[in-house]
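*Asks:*
Residue numbers (my numbering): 1 to 79.
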């Protein structure tokens with residue numbers, strides 16, 4: 001299930017990159033390319049922010065469901 005999720009994330013980013021690249025090719029000059037790259041970077045940043053927000057929300061839901069509370073200064077053990 002995790003593999004399917006990550007593959008779909010990769011495909012989505014690839015499609016976004018292909019669209020942005022096509023839009024960049026349509027624009028003429030270095031200024032147009034810079035704007036396209038800037039927009040792509042902003043879009044990628046927005047996707048990453050949304051992903052992190054969803055991940056944090058889901059983590060909170062799971063901790064609540066399991067009754068696990070973070071103690072101040074305590075960290076979960078790493079494997």
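Just so you know, even glycine gets a beta-carbon here, dropped at the ideal spot from N, CA and C. These numbers were taken from a predicted model, which means no experiment stands behind them.
1. What alpha helix (DSSP H) runs, 4 residues minimum, are completely inside the stretch 2-40?
2. Is it the case that the stretch 37-51 contacts the stretch 60-67, given that we only count it when at least three CB pairs across the two stretches are under 8 Å?
3. Quick check: the Cα distance between residue 13 and residue 59, rounded to an integer number of angstroms?
4. Helix, strand or coil: how does DSSP classify residue 67 here?
*Replies:* According to the structure data:
1. Runs of the alpha helix (DSSP H) inside the stretch 2-40: 2-26.
2. Too few Cβ pairs lie closer than 8 Å, so no.
3. Between residue 13 and residue 59, the C-alpha separation is close to 23 Å.
4. DSSP places residue 67 in coil when its eight states are reduced to three.
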